[in-house]
Every structure is written in structure tokens, then in C-alpha cells.
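Participant: 518 is the number that our numbering gives to position 449 of the sequence shown; each next residue is one higher, with no gaps. Ideal Cβ placement from N, Cα and C applies to all residues, glycine included. Everything numeric in this text was worked out from a predicted model, so none of it was measured. Would you mind keeping the following structure in view while I ask a few things?
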Amino acid sequence: MNFNLQFDDTAYAVHSVTVGNQTVSYRSYENIVYVSHPVDTRYQILNLYIPEAYYEGKAIGSYKAETAPIFLPITVGGYMPGAPERPGLNRSGETNAAAVALSKGFVVAAPGVRGRTLQDEEGLYTGTAPACIVDLKAAIRYLRANKSRIPGDTNRIVSNGTSAGGALSALLGATGNHLDYEPYLAALGAAEERDDVFASCCYCPITNLEYADFAYEWMYNGIHDYHMVEIRKVGDEMTTIPVHGTMTAQQIRLSDAAKRRFPAYVNALGLLADDGTGLGLNENGEGSFKDYVKSFVVASAQKALEAGTDLSGRDWITIEKGKVSEVDFDRFVSFLTRMKMTLAFDGQDLRTPENELFGTPTIRARHFTEFSKENSTVDGELAEPLQVKLMNPLNYIGSASCITASHWRIRHGTIDRHTSLAIPTILATKLRNAGHDVDFSLPWGIDHAGDYDLDELFAWIEGIMEK
Ligand code: DHB
């Protein structure tokens, strides 16, 4: 099949959405295949939602057809395939980000994205890395190739995602136009255009996968019980089943070994705090970097306190004269409890989502770190270094060979144990040190989630548009 990449602006329906006291009528263009040679037309499609006002020469707030920012919601979770978001309600019955974006006069470009579990008719896996990031880049290239036919300013694309979707938003933000992705884009027949974005919004990004295991054990080492949920298919339904267990002696030894690898990694990053002081760890994992991670927990507790949250039961927090003066980080972590067993991401038995992300058309799951490969309990194969490299924004931030988004908003809830708090902290700090504008915080009492603060998210986005 060969798909035409010229946008057909006649094939639309008109709908409206009401958010608060704002009703916006919009054109809905759905299921636009965004590459000429798609692998899977269930997912390599774009939905466009465009305020009708822009076809009538009108403005919404300060935005017009030529200046409206483009909001790009990423629905990928668990590195699974993600269908295009539609304006409407989320699972909790609240207005979703696409609807809020429209109500504020944004153009919404909602891409579908392949994911690790996709298979073709022959049973070959078609959504392993780097398919998900390549698809997102292809969708952005489609927008740019059609910019004269689609309202919205392609210089002001803002991506947003949660968890694996947050990681993809970060990757989009970090890797704009990098040649590493070019062969994959060319193979799909993506438009020959730029794929950089203006801003990247990342909720709990499950990112930096090569070092996520070391970071996890740096934080959770010493806690041997785990409390996770497994997503299983029961009949036709996906259900989450709580799994509790205690790590084996072998896993505990491996946790110790993984923890010991983390300081050298952090120290080699050469990260700086805002005041220019270096951030590092000694061989026991103690030091200024740990204090720095803790400082974001302290700031979060302080904000919660000021908002009237009762912190009195949290005896690992010290409050003096209305100020959170100290958090005992180790006791805070004990309070959190461990979610994932060692090794958390590159599973020894190849049973994590990330193992499947690094599969091939014919191999369901592989290792992606030497460390886990050496400790494999199933003699798993190791992914090629390039496949792994392509999935980590840390490999691209600060590179002169790509364009990194100017503006970043990164959130990770204080009680979200899906990855170490070191992971979003490293991402935010590396970006800041490279000169980018980064709004980073750890919202108090928030678990693994995204889009829970849409008023603040859009206030931030509108703020950067004025900069
Ligand atoms: C997601 C959660 C995980 O714990 C993980 O390892 C990967 C992805 C997610 O929610 O997308």
C-alpha cells in the first residue's frame, strides 16, 4: 500500500466540547495514515481536532489559525500500542487533556503509536523499539509537510504523555531531527520534514532504561518485600492482579551489586545544582545527589503543608515553625515500600514490559543491559546497542546534532514507585544544565498517574507561549 501524505481538508465531522463555561466547536479529522508505507494502519494514524473558529477567521483568546499551538497527546502506556486520544472524558469521568486543549484554542494532533505487543498476520512483532518514537516523529513530520493546509503553528508543538508515554514525550523533546532515526523514518515513507517539538510535558517518565535498574536499587536496596501489580488477560479483559512477595537471597545480592553501580553513573554525568555545585554520590550511595533528590521531596512536602495537608502522621518529616526542615530519605523510602523486584526493568527472566520493548520481529523479549544479561536466568539475548540508545533521551540532550525542546515540564508523584525518583531528577537536571527551561516537581501524595493537574499544565503551556 502507498498512502498519499497530502492532507485532505474536506473529510471532517463537526463536534463541540464544553469545558467549564467554554464551548468550542471543532472539526474532527480522524484516522489519517501519516506515513506512505505503514506497517499497521490501526495505529500509524493521526486524529486532528481543530477549532472551527480558525476556519472563520476568528480568534480564541490570543490564538488565531496561524498562531495556535499544537497539542500532541501521547496515549502509550506500558510501551503498549497507543490509540489516538479523542476529546472527551478520561476513565475517571473528567474532561481529558485533548478536550481542555481545544477549549483553550489549541489544535489537537493526536497520533496513534505502535507498541511492543503488536503482531502482524504472520505473528511477527511490529512494534518493538524504536517503532514508538519513530511513529511519533513521522506524525510530526506529517503535520509539518501539511502546515499550509492545517491550522496551528508547527513551531509550537507541545507533546504530553504519562509513564511510557512520558518517556516518549521526553524522547521527542530530546531528539528533534537526529539522523539516528532517519533510516526508520525513510523505511516507513515518512514525510521529509523536521520532527522537533517546542515543548515536552512528561508525567512520571519511565525513561533512562539502561540505568533505571541501578537507580531503583540505589533507592530501594534493603527493602526485600515487593508489592506490584501484574497486568494479565483474564478471558477478554485485561485485569490488574496484586502480586506480593519477598526477594530471594540471589535477588538481594543482585540488588546490592546494582546499587553499587549507581554512584559511578551519576558521578560521570557531572550534574550541577542550580547554584552550580556539583552533584555526586560516594560509594555507599550517599552524598550531594541524594540530598538534591531529597530537596524535591522537601519542597513537595512544604507545598502540601501550605495547602493544608496534615503531615503529622509522617514522622520522617520534621516540621519547624511551619517549615518542612528535613525529610529522612531512607525512612521515607521504607514508608513507600518497594514495588518492583530486582532487577526492576531489565528483568532477569525477561518478563518486564521493557524486555519486550527491546524484542525483535521474531524474539518476544531481550535484555538491554550487560548487567542483566550476565545475570539472566533464562539465557536471554542482548539487544543491539543502537536499539537501546535510540530509546534514551539522556543520550541526546546537549548534542549539537539534534534540536532539543526549549521548554520542559516534568512531574513524578512522591509515592510513585514505578521508577526511582533519581530518574526524573537526572532528566530534569541534565536538561537544566544544558540550558533548557525546566519546570520539575514531585507532586505530593501522587501515585503513578498523569494529567491530574490540567489547569496547571495548560497554565504552564500558555505561559511558555508568551515567552
Ligand atoms: C509503565 C509502567 C511501568 O512500571 C513500566 O515499567 C513501564 C511503563 C506505564 O505505566 O506506562
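Looking only at its chain, what residues have a beta carbon closer than 8 Å to the beta carbon of V366, apart from the 5 residues adjacent to it on each side?
Facilitator: Excluding sequence neighbours, V366 sits near V396, F398, F401, T483, L490 and L511.
Participant: Quick check on the DSSP output: the alpha helix (DSSP H) that includes D415 runs from which residue to which?
Facilitator: Element bounds for D415: n/a, residue is neither H nor E.
Participant: Threshold first: 4 residues or longer. Then list the alpha helix (DSSP H) segments lying entirely within the region 266 to 348, N to C.
Facilitator: Entirely contained in the region 266 to 348, the alpha helix (DSSP H) runs reaching 4 residues are, in chain order, 278 to 289 and 318 to 338.
Participant: Work out the CA separation of L212 and L115 for me, nearest whole Å.
Facilitator: Roughly 9 Å between the two C-alpha positions.
Participant: Is the beta carbon of K499 closer than 8 Å to that of L340?
Facilitator: Yes; because the gap between Cβ atoms is below 8 Å, this pair is in contact.
Participant: From the DSSP output, read off the bridge partner residues of I472.
Facilitator: Partner(s): G245.
Participant: For A333, which option in T87, G356, A413 and A152 has the closest C-alpha, if you only look at C-alpha atoms?
Facilitator: When each option's Cα is compared against that of A333, the closest is G356.
Participant: When you compare only the Cα positions, how much space is there between P311 and T421?
Facilitator: If you take the alpha carbons of P311 and T421, they lie about 15 Å apart.
Participant: Could you tell me how far apart the beta carbons of G221 and V176 are, in whole angstroms, since I believe they sit closer than 8 Å?
Facilitator: Yes, they are in contact, since the Cβ atoms of G221 and V176 sit about 3 Å apart, within 8 Å.
Participant: Is there at least one non-hydrogen atom of the ligand DHB closer than 7 Å to the beta-carbon of I275?
Facilitator: Yes, the ligand DHB has a heavy atom inside 7 Å of this Cβ.
Participant: State the beta-bridge partners of R407 as determined by DSSP.
Facilitator: Bridge partners of R407: Y295.
Participant: Secondary structure at S232, three-state DSSP: helix, strand or coil?
Facilitator: If DSSP states are grouped into helix, strand and coil, S232 belongs with coil.
Participant: To which residues does DSSP link W477 through a beta bridge?
Facilitator: According to DSSP, which records beta bridges pairwise, W477 is partnered with S269 and V507.
Participant: Since A281 and I492 are thought to touch, with beta carbons under 8 Å apart, how far apart are those beta carbons, to the nearest angstrom?
Facilitator: Indeed, because the Cβ distance is near 6 Å, the residues count as touching under 8 Å.
Participant: What residue range is occupied by the uninterrupted beta strand (DSSP E) comprising P120?
Facilitator: From DSSP, the beta strand (DSSP E) with P120 extends over I114 to P120.
Participant: Can you name, in chain order, every residue of its own chain whose Cβ lies under 8 Å from the Cβ of P430, other than the five neighbours on each side?
Facilitator: Answer for P430: L193, Y194, T195 and T197, listed in chain order.
Participant: Taking the C-alpha atoms as reference points, what is the distance between P454 and K206?
Facilitator: Rounded to whole angstroms, P454 to K206 spans 21 Å at the Cα level.
Participant: Quick one: give me the first and last residue of the beta strand (DSSP E) that Y95 is part of.
Facilitator: Per DSSP, Y95 belongs to the beta strand (DSSP E) from Q91 to V102.
Participant: Tell me whether G147, by its Cβ, gets closer than 7 Å to a heavy atom of the ligand DHB.
Facilitator: Yes; taking the cut-off as 7 Å, the Cβ of G147 has a heavy atom of the ligand DHB nearer than that.
Participant: Is DSSP giving A168 helix, strand or coil here?
Facilitator: A168: helix per DSSP, three-state reduction.
Participant: Measuring alpha carbon to alpha carbon, tell me which of G235, E262, Q371 and A255 ends up nearest G245.
Facilitator: Minimum Cα distance to G245 is reached at E262.
Participant: Return the residue from the list R407, A376 and R96 that minimises the CA-CA distance to K392.
Facilitator: Nearest option by C-alpha distance: A376.
Participant: Does the region 273 to 288 come close enough to the region 124 to 139 that 3 or more CB-CB pairs lie under 8 Å?
Facilitator: They do not touch, by the three-pair rule.
Participant: Should E425 be listed as close to the ligand MG, given that the test is whether its C-beta is under 7 Å from any heavy atom?
Facilitator: No copy of the ligand MG occurs in the structure displayed; its ligands are the ligand DHB alone.
Participant: According to DSSP, is E423 part of a helix, a strand, or is it coil?
Facilitator: Helix, per DSSP.
Participant: Just verifying my parser: in three-state terms, what is the DSSP assignment at A491?
Facilitator: Reduced to three states, the DSSP call for A491 is helix.
Participant: Hey, would you say the C-beta of S232 is under 7 Å away from at least one heavy atom of the ligand DHB?
Facilitator: For the ligand DHB, at least one heavy atom lies less than 7 Å from the Cβ of S232.
Participant: Among the residues of its own chain, which have a CB less than 8 Å from the CB of I139, if the five just before and after it don't count?
Facilitator: Here the set comprises F175, V176, V177, A178, L212, G221, D222, T223, R225, I226 and V227.
Participant: Name, in chain order, the residues that DSSP records as bridge partners for Y194.
Facilitator: Y194 pairs with Q188.
Participant: On the DSSP letters alone, give me the boundaries of the beta strand (DSSP E) that S364 sits inside.
Facilitator: Segment S357 to E375 is the alpha helix (DSSP H) holding S364; no beta strand (DSSP E) there.
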